[in-house]
Structures are given as structure tokens and as C-alpha cells.
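Contents: one structure, followed by commentary.
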């Protein structure tokens, strides 16, 4: 062993001695608690009782001399020290997971995809097509965003609940890659036999008609809704929902005006009693991101799939 390597190992040993009275499992509890933001949820992920999580947090607070998490109404708010610890742990955890997953089998038997039901309508057929082009045979496991409830993209990816995530909110970390997969243009629609609106939509129409509202907290969707308000002025909302399908269903049987992705309107144009309206302005596009772990690139089958999906993405970015 060379002198430089010996000194490095010696320093690491000295540092480890400092942790002889510290249970490193507490850091796992801390990270899960930070990401989930809820003691009960953290206990479910860890497979322990809520009181065990509370005891672990008590030990961490004593060690760091900081409350780390403070209750604010029904959620836990992280202190500045907790945020700093998380940022450092997140990078280290990403590196550790990369090394652990290097030993995973190279054959692709199942791929798990996490996205909303709406996104799945467009994305999953493309994934199937990509698998066919790659000549890969595997099971596809789709998990809708309603299954994991309040889970964040960070939790989904950090704890490997999915291989691929498609979301309108980007997620950036040391161990993940985030790429724009779709750019979706929004269009205005109404029912085909609307008594007052024929083919176009202007400001006077919007002042007279009622609208639907998509309930979505992502910045890109809220930005689009803000642009609509900026052009048409304040709208009268008669129906709001987080489901694009029910918005479509309500639009075809009422006089409501709705704004939906263009691909979605074209897909169901012949199945629903709706028509696309022309507008005097162009709405901002809403991006859909493809997010995955860097260690996926080490698996030859997954690498082949990712490359094909990236080529699909280039075609998706061409306006339809």
C-alpha cells in the first residue's frame, strides 16, 4: 500500500472512530422522515412503529442539538440544519445506491413506470413501442400518482419505487437524470352543438361563458392558467376537477369552455361531442419530463430502452 493510500485509509478510520457511539441507522430514519414529512408515513416505509420513529428522532435531536423537524398544523417543517443534512445525505445516498445496484441482474424482466393516469394515456404506448424496437420482452408495471398519495418525485426515485417517472414537475439530484420528453400545447374546446360559439373563441365569448378548471399544483400548469387569465380576464368557473377525463365529459354535455392538451383533444375528438376552437393567442407549452436514475444506464437493456425513448422525445418535441 502506498503512503498516500495508507494516510487516506488512516484518516477514514479515525473519522469512523468518532461515530462509534452513533447508530448510522438513525440517518436512514432521518432521510425517510425528511422526504415523507410525516412520522406515520415514515414508520410505514421503515416497517416499524410510529413510537420507534419518535425515539430515533429524539436521539438525532440530542446528537445534533437541534429540533430538526417542527410541527406546523398537520405537517412537519424542516429546520435549516435538517435541510443541510439532507442535501449532504442525498448525494451520498445516490452514490451508495449506484454501487449497490451495479450488482443487479442485467436482464430486464419488469419495468415500473410512475405517472398520472392522463400522462399514461400518451406515454405508455410509446414505452411499449420502444420495447418492441429494442426487441425486449418484459412486464410493464404502471403505478398511477394516486397510488402513492402525497409521495414526492424525490421519494419515488430515492427509494426506487419506479424505474421511470414522467411528470410535469422536474426533479434534479446528483443521482438522477431529468429530460424534457413532451411539450404539450393547450387548446380551447366546447361541445359541437354549442348554441353561441361556432369555431373561434374571443374575449367577449369568455366573459359570457362559464369555464372548467383543472386542479393541478405544478408550476407549468399554473403558469398556463395564469396566461389564460391574462388574455381573457377573470373567468367564471362552473366546474373544477383534477381529472381531465371528467372535464371532457362535462364539456360535451354543457356550455362550458375548457382548455386541454391538444393531443388529448385530438385523441377523443371523434369519441366525444367536442370541437377544438381557434384563439387569438398561443398558450405556453406544458413540458412533461422523463426522470430516471443514472445507474439505469449501466444495464444494457435499460440503456437501449432509454436511447429509443430519447429519440421518441425528439419527435415529440415537434409540434403536432
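Residue numbers (UniProt numbering): 1 to 320. Glycine residues also receive a C-beta, built at the ideal position from the N, C-alpha and C atoms. Model, not experiment: these values are computed from the prediction.
The Cβ atoms of residue 218 and residue 238 do not sit closer than 9 Å to each other. Listed as beta-bridge partners of residue 190 by DSSP are 275.
Following the DSSP letters along the chain, one finds residue 115 inside the beta strand (DSSP E) bounded by residues 110–115. Residue 262 places its beta carbon 9 Å or farther from that of residue 199. Cβ neighbours of residue 75 within its own chain (closer than 8 Å, five residues either side excluded): 37 and 38.
When the beta-carbon positions are compared, residue 259 and residue 302 stay at least 9 Å from each other.
Proximity of the stretch 294–301 to the stretch 123–130 falls short of the contact definition, fewer than three beta-carbon pairs being nearer than 8 Å. When DSSP states are grouped into helix, strand and coil, residue 216 belongs to the coil group. In terms of Cα proximity to residue 176, the closest of 90, 234 and 33 is 90.
Residue 174 carries a coil assignment under DSSP once its states are collapsed to helix, strand and coil. With fewer than 16 other Cβ atoms from the protein chains shown falling within 10 Å of its own Cβ, residue 266 counts as exposed. Unbroken beta strand (DSSP E) stretches of 3 residues or longer found wholly inside the UniProt domain "HTH lysR-type" (22–79): 69–72 and 75–78, given in chain order. Contact between residue 181 and residue 70 does not hold, since the beta-carbon distance rounds to 38 Å and is not under 8 Å. Taken in chain order, the whole beta strand (DSSP E) runs of length 3 or more contained in the stretch 221–260 are 236–241. In this structure, 242 is the residue among 60, 242 and 156 with its C-alpha nearest to the C-alpha of residue 118.
Taken atom to atom, the span from the alpha-carbon of residue 45 to that of residue 56 is near 15 Å. Residue 173 is classed as buried because its beta carbon has at least 16 other beta carbons within 10 Å across all chains shown. Here the alpha carbon of residue 23 sits roughly 38 Å from the alpha carbon of residue 116. According to DSSP, residue 281 shares a beta bridge with no other residue. For residue 184, the pairing in a beta bridge is given by DSSP as 286. According to DSSP, residue pairing for residue 143 in a beta bridge involves 114. By the CB criterion at 9 Å, residue 283 and residue 227 fall inside the cutoff. Exposure of residue 140 is indicated by the presence of fewer than 16 other C-beta atoms within 10 angstroms of its C-beta. Of 126, 29, 65 and 68, the smallest CA-CA separation from residue 52 is found for 29. The residue among 63, 190, 31 and 223 with its C-alpha nearest the C-alpha of residue 268 is 190.
Following the DSSP letters along the chain, one finds residue 166 inside the beta strand (DSSP E) bounded by residues 164–167. The beta carbon of residue 157 sits closer than 7 Å to those of 165, 171, 176, 291 and 293, all from its chain and outside the five residues before and after it, given in chain order.
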